[in-house]
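Heads up: the structure comes next, in structure tokens.
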Amino acid sequence: MSSYIASLASSVSFVADSFSRSIAPVDRDGATRLRATGPAARAATLLNRSAQDVDTLAVNGLAFHLDDIPAYVNALKNANGGVGIDDRKMLLEKLLVLMSRLPSDSEFAKTLEVFVIDIYSINGNGSKLNGNGNGGLATNASTGPYEDPTYGTDTPYAFRSANGSGYSTLFPDMGAAGRPYARTVPPTTPVARQALPDAGLVFDMLLVRQRTQTPSNTSALPSSSPDAIPGHTTLPPTDADGFARQPAGLSSLFFAFADLVIHSCFNTSHSQWGINNASSYLDLSPLYGSGSPAGENEKVRRNDGTGRLWNDVFADSRPLFMPPNVCALLILFCRNHNYIAEKLLTINEWGSYTASSSLSQLSDSERQRQDDELYNRARLVNCGWFMRIILGDYVAAILGLVRDGLDWRLDPLAESRELDHTVSPRGEGNVVSLEFNLMYRWHAALSKHDTAWTEKAFQGLFGTTDFKSITADQFLSTVAQKLRPDPDVRKWTFDSLDGTPLVRDATGAFRSADLAALLQAATEASASALKARGIPEVLRVVEVMGIEQARQWGTCTMNEFRKFMGLKQFSTFAEWNSDPSVHEAANSLYGHIDNLELHVGLQAEEAKPPIPGAGLCPGYTISRAILADAVALVRGDRFLTTDFTVYNLTSWGYQDCFPQENDGSYGGMLTRLLYRTLPGFYSASSSYAHFPFMVPQTMRGYLEKLVGNPAKKYSFTHPLVPPPITTVANFDSVCEVLSDRLVFESGSSGKLATLTMGVKANVSLINDTLNYFNVKERYSDLFGHVTQKLIETKSVKHPGSALKYVDIVKDVINLVPIYFIATELAGLPIKTLETSHGEFADTEFADMFADVCNYVFLNTDPYMDWVLRERSLKTAQLVITDVKEHLKRLSGKGFISKVSDLLKQLYTGEDDLSDVFLSRILTRDKNISVLASSVFASAVSTAALYSKAIIHVVDFFLDNSQRKALEEIVRLASVTSAESDRELYKYAREALRLNPPVSSVIRTAKEETHLGEDVIKSGQNVCCSIIQANLDTSVFGDEPRTPNFGRVGEEGILGLEDYGLTSSKFFEATVPRVLRAIFMLKNIQRAPGLSGTLSRIVETKNGCPEVQYLDLKSQITPFPVSMLLQYEI
1 MSSYIASLAS SVSFVADSFS RSIAPVDRDG ATRLRATGPA ARAATLLNRS AQDVDTLAVN
61 GLAFHLDDIP AYVNALKNAN GGVGIDDRKM LLEKLLVLMS RLPSDSEFAK TLEVFVIDIY
121 SINGNGSKLN GNGNGGLATN ASTGPYEDPT YGTDTPYAFR SANGSGYSTL FPDMGAAGRP
181 YARTVPPTTP VARQALPDAG LVFDMLLVRQ RTQTPSNTSA LPSSSPDAIP GHTTLPPTDA
241 DGFARQPAGL SSLFFAFADL VIHSCFNTSH SQWGINNASS YLDLSPLYGS GSPAGENEKV
301 RRNDGTGRLW NDVFADSRPL FMPPNVCALL ILFCRNHNYI AEKLLTINEW GSYTASSSLS
361 QLSDSERQRQ DDELYNRARL VNCGWFMRII LGDYVAAILG LVRDGLDWRL DPLAESRELD
421 HTVSPRGEGN VVSLEFNLMY RWHAALSKHD TAWTEKAFQG LFGTTDFKSI TADQFLSTVA
481 QKLRPDPDVR KWTFDSLDGT PLVRDATGAF RSADLAALLQ AATEASASAL KARGIPEVLR
541 VVEVMGIEQA RQWGTCTMNE FRKFMGLKQF STFAEWNSDP SVHEAANSLY GHIDNLELHV
601 GLQAEEAKPP IPGAGLCPGY TISRAILADA VALVRGDRFL TTDFTVYNLT SWGYQDCFPQ
661 ENDGSYGGML TRLLYRTLPG FYSASSSYAH FPFMVPQTMR GYLEKLVGNP AKKYSFTHPL
721 VPPPITTVAN FDSVCEVLSD RLVFESGSSG KLATLTMGVK ANVSLINDTL NYFNVKERYS
781 DLFGHVTQKL IETKSVKHPG SALKYVDIVK DVINLVPIYF IATELAGLPI KTLETSHGEF
841 ADTEFADMFA DVCNYVFLNT DPYMDWVLRE RSLKTAQLVI TDVKEHLKRL SGKGFISKVS
901 DLLKQLYTGE DDLSDVFLSR ILTRDKNISV LASSVFASAV STAALYSKAI IHVVDFFLDN
961 SQRKALEEIV RLASVTSAES DRELYKYARE ALRLNPPVSS VIRTAKEETH LGEDVIKSGQ
1021 NVCCSIIQAN LDTSVFGDEP RTPNFGRVGE EGILGLEDYG LTSSKFFEAT VPRVLRAIFM
1081 LKNIQRAPGL SGTLSRIVET KNGCPEVQYL DLKSQITPFP VSMLLQYEI
């Protein structure tokens, strides 16, 4: 029923949105989209929003239930005074459900979110002091002076210091490494030391994971179960080893990432337990170091002018002694840093960097200055990624958002105002507290595989499997003697999946296959439930030391902590944990609930069931406190808030920190990291990449229950190791691969089939029809006319001068095929001054068609594959639906279809020029679905490539090195004849040889074959470098980079598919007319400054040079975006 309602609401919303678009005024001043006014517009907007709200309700479920009322009543009675909020009534979860399931534009939801964030920021890591926790320093803590390295420098941008100093501009030492922990709650409950039970006995009675001969048969309660409510013991099933699967389906990779979060903020000094040797910020110190010991941060850096780290390194040795998936995950952030640093250097936003190839020309100080800037900016961007993964994946998993198919996220970074309209503080600093240090002891979550690894490691260290016999003194001395990592981080290694140490290659990098194997196994492995008696015995000594450490800190009790958090204090042990075997044991140990220690109380408290809003399912107190801590950590960090700017991170870097909308991961960010740093090891649809913190088969079950069953879009099988890519660069081999379609398969046909819902396009029919009309030069003349018309209407005059300016890319060449397709082929509702009731502006169609082209032909990034596919599917639906209606009218099928199509044409102002083309193809085939899909596949998918090729030609001849050739082009453009067309095309082909529209293409071998001396296996990918093939000296002479416009023989390779607008005959017939319209302009040349050039960057992918472009926001795109030209009237 929900699926039906959602589908109906979506259809109504689509119709209302189409009408709203059609009545909106034509954009004449650069606005993104002007809104329509008047009664009709208001009615359309109301209908559209109402339908969207119904769709949201059907998909997300109800945001409020009547049985939620008691929780709200309890909160109102106890929020400011009283006995405290009863967290067993699930207020937190109900608030999260309410916010996450309301429409995204709900003002109430936004107001509620601000209120919740403000509440959590007050009691995050401590009492509210400048927006951070600092309720009093822990005892025995040294507070010696230090210097802030970021102050007094001439660096024109903000950056993170090595040790976290200067992160607060008000209190520069706040939260720096080497400073004391904060104390959140002053202890006031008198407890005699002799009244405290033995720490080892506490572990054995309340915390150890107990083996049993009779595994539990209790069924875990699913998220959707109405019975998953507190009030009785709800225990997940356990096996003979006492292991209980995490009830919400969290994988062990979730807790590997949790280790990185925890160790970014906590590193207790071995000599002074009150000192935190990590900063109190999410600064990725496990990767970069904390500045202590001196030089720790420098040992990971190359200092070669590129800002990069050494391959696959990290500064903090602690992850080496954790399950290897922690190290593997940390390595990805190292790779991401290097990726970011390389991009920053390549883009060179302000033109201040020296390219890698010229670094030797710099002095040592100049090279170091450049390295420092690139390193610091790359670290800011990488920490931005870390923050987004924390909010988008980590916190989302804690709250069960991904499991429930929700992309809503709590955003504690956003600027907001208090009720009195004062600005809510952000970026004023943070100090982590000793109480929250104890909260993050999650050893109970260790998976079965990670438990076995830990047991093997301890056996090797201590020579025994009697882990209960290991004492604290033995542990400390053994660790000090045996766990001393090599001073050179480039020599560090850790275990592979089979237990053997990973091996580095000659560059110092680990094999991506080994890292992927560790991470994928961690995704498959279920974490253990957080519960009383859930910690493996092997970690007994660690937990005993933790209990003793908490006592030496003088930590508050469990009830004191709950009181501080505004929660109801426990009056009995049974309230704390309703399992009789647990609360009776606790009672015998502590005697009174007020004596229950914080560390033990947090670890052994009754766990939450996996209801909506709860994914981590820890104890109730941890559930409340962890969200407060997350808010405090990110909101108090100025580099994640007030200094998280395009100026500090650069425009590209800032945008790189955000995931794409509708990327298939429901708001996650770790997906991008996996695809970026382990290319080829996750398919575009792999659930292992989209939901790495969820066990795949468990996640499949959740997805199958969602509206529309989105599980159908994903693959849940273990990812395969990709075959190696063979790169070919010589002309003959590239031609062989591109021409032999029986052996080397292009992926474009499969992607087009996806967009046409499996309907096979008749490409040859469209090609034949285009060429049929072009015999009479119908389309050739039209292309020239449209180009001239666009230049006339889009040009602007220079005041007091004979000069005019036009953006030849954005306003002319990119739009020429759009008008051709919309008016001559498909009859699309384009909005112009003449057809003001059209639905989409020419630039909107250009963007939509570019996405289709990118998806079908150019994109090789599996992360963007999902994004582009979803966008392209919407475009395909729009175009194919319109073309179908026209074809039905022309074929006389269906009176209603005929009338509705005529009425729509009359209303939107569409002309009937496309009827000529569509009537022609109807004479060849009567299958309307095939014909409509063929028009889309042939024309729409090739439009952007057609424009890109012409842009490359124009850019080539406007280069200063081609002045002589430009003079000849201008002369040819002034002559209207078939001969001048042929000459113009020869010039264009040579320009495209040296500046091809496609840099490289990938083909997949369908069978084993030979390519030169290489043996290509079936299923192996071959990357063909078009750029290098067109510079093959055996074909194009000893100076292949020198243009030869009179070339006889082989032409350069274009890399274009031979259909639609890029079919050879159509391309040759129309390109000269577009060039003529441009180059006949008087004294045409580039406009002054960078606006007169294409923002081009050159990278290397799969061993091939790849030309890409920057758009107006510095995002990387395969298509040229803008180039301003000037000419005289």
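Counting from 1, position 14 in the sequence shown corresponds to residue 14 in the UniProt record's numbering; the numbering is continuous, with no gaps. Here a beta-carbon is modelled for each residue, glycine too, at the ideal position from N, C-alpha and C.
Beta-carbon proximity list for residue i, same chain, < 6 Å, skipping 5 on both sides
i	result
P323	D450 and W453
G427	R638, T641 and T642
Y714	S685 and S687
S1122	D807, V809 and K810
V1001	C1024 and G1055
Identity of the residue in the options nearest residue i by Cα
i	options	result
Y819	A802, S801, D842 and H798	D842
K89	F255, I340, L567 and L519	L567
C556	I535, D861, F243 and S433	S433
A445	S469, T500 and F243	F243
V542	P487, V728, E584 and L438	L438
L598	A550, F849, E584 and T787	A550
E575	H592, F564 and G499	H592
G1055	G1089, S999 and G601	S999
E745	I950, F1079 and E1008	E1008
H583	G1060, L1075, L207 and R562	L207
residue 1149	R1003, Y985 and E1106	Given a span of 1 to 1129 for the chain in the structure shown, any question on residue 1149 remains unanswerable.
A192	G1052, N325, F436 and Y590	Y590
A1077	I791, I1026 and L803	I791
P186	L461, L518, F561 and G82	F561
A341	F857, P319 and N376	N376
Run of the alpha helix (DSSP H) containing residue i, from where it starts to where it stops
i	result
T875	P862 to S891
S1000	Looking at the DSSP string, S1000 is not in any alpha helix (DSSP H); the run it does join, the beta strand (DSSP E), is S1000 to A1005.
K456	K448 to F462
P1072	S1064 to F1079
F386	D364 to I389
C853	D842 to C853
Rounded Cβ spacing between residue i and residue j (contact assumed at less than 8 Å)
i	j	result
N336	W385	6 Å
S279	A177	5 Å
P817	G1019	Wrong, their Cβ atoms sit about 35 Å apart, outside the cutoff.
E296	G289	4 Å
I1053	V734	6 Å
7 Å Cβ shell around residue i - same chain, five flanking residues per side excluded
i	result
L825	S914, F917, V935 and A939
L1110	I347, S1095, I1097 and I1116
F458	F467 and V538
G124	Bear in mind that the predicted position of G124 carries a pLDDT of just 44, short of 50, making it unreliable; the figure below should be weighed with that in mind. Around G124: G133, A628, D629, V631 and A632.
G231	Any reading at G231 needs caution, since the residue's pLDDT is 41, under 50, leaving its predicted position unreliable; the model's value is listed next. Correct list: empty, nothing qualifies.
First and last residue of the uninterrupted beta strand (DSSP E) at residue i
i	result
R1086	K1082 to R1086
S914	Premise fails: S914 lies in the alpha helix (DSSP H), S914 to L922, not in any beta strand (DSSP E).
H1010	T1009 to L1011
I626	Segment Y620 to R635 is the alpha helix (DSSP H) holding I626; no beta strand (DSSP E) there.
Y1127	L1124 to E1128
Residues near residue i in its chain [Cβ-Cβ closer than 8 Å; skip 5 each side]
i	result
residue 1140	The requested residue 1140 does not occur in the structure, where the chain is confined to residues 1 to 1129.
S1064	D1058
E979	none
Any chain D beta carbon closer than 8 Å to residue i
i	result
G291	Reference to chain D is not applicable here, since this structure consists of a single protein chain.
- prompt: So does the region 669-680 actually touch the region 321-335, counting three or more Cβ pairs closer than 8 Å?
  reply: yes
message: With three or more C-beta pairs closer than 8 Å as the rule, is the region 380-398 touching the region 656-667?
response: yes
message: Check whether the region 512-530 and the region 478-485 are in contact - that is, three or more C-beta pairs closer than 8 Å.
response: no
query: Taking three-plus beta-carbon pairs below 8 Å as touching, is the region 109-116 in contact with the region 599-615?
result: no
message: Quick test of the definition: if touching needs 3 or more C-beta pairs under 8 Å, does the region 82-97 touch the region 608-626?
response: yes
- prompt: Do the region 400-415 and the region 506-516 touch if we need at least three Cβ pairs shorter than 8 Å?
  reply: no
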